[in-house]
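**Student:** Would you mind keeping the following structure in view while I ask a few things?
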Amino acid sequence: MRFFIRFLSLIALVVAVIAATIDSIQSVSASRLVLTSFGDAWLDASPTTLIISESFVERRMHPLAWELGIGWVLAQPAFAVMLTVSLLLWMLAYKRRPTAGRFAA
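Start counting the sequence shown at 8; every next residue gets the next number (my numbering).
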């Protein structure tokens, strides 16, 4: 299970790097800062899953959960959201090293 979560973390990191690269290329070509929001990136990649997710959250939870909670995440830059997801998955799969000795604190 830990391997699978680390693999998902790696995939999220790769997506974050790709999103940052696309934003940097667009920023250089436009001569101004261009940041693609996570919602726009999701809409470009798979519009049906975005609509399905929105209806699922509004039906199972409260409609304000989509507008206030998930809507805020969708407005953030795509590379930052995926970087955060990657970090959280890595932290979830992290295994601490055992202490040095028997009486170590």
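Glycine residues also receive a C-beta, built at the ideal position from the N, C-alpha and C atoms.
For Pro-84, which beta-bridge partners are listed by DSSP?
**Tutor:** By 1-based counting over the sequence shown, the position of residue 84 is 77. Answer is Ser-44, bridged to Pro-84.
**Student:** Measure the beta-carbon distance from Ala-85 to Ala-48 and round it to whole angstroms, keeping in mind my assumption that it falls under 8 Å.
**Tutor:** Taking the first residue of the sequence shown as position 1, residue 85 is located at position 78. Taking the first residue of the sequence shown as position 1, residue 48 is located at position 41. Yes, Ala-85 and Ala-48 are in contact; Cβ-Cβ is about 4 Å, under 8 Å.
**Student:** At the level of alpha carbons, what is the spacing between Ile-25 and Ser-62?
**Tutor:** In the sequence shown, the residue the question calls residue 25 occupies position 18. In the sequence shown, the residue the question calls residue 62 occupies position 55. Distance between the alpha carbons of Ile-25 and Ser-62: 28 Å.
**Student:** Ordered along the chain, which non-local residues of its own chain (more than five positions away) have a Cβ less than 8 Å from that of Asp-30?
**Tutor:** Start at 1 with the first residue of the sequence shown, and residue 30 comes out as number 23. The residues are Val-41, Leu-42, Thr-43, Pro-84, Ala-85, Phe-86.
**Student:** Confirm, please, whether the CB-CB distance from Leu-75 to Ile-12 is below 8 Å.
**Tutor:** Walking along the sequence shown from the start, residue 12 turns up at place 5. Walking along the sequence shown from the start, residue 75 turns up at place 68. Not in contact: Ile-12 and Leu-75 (Cβ atoms no closer than 8 Å).
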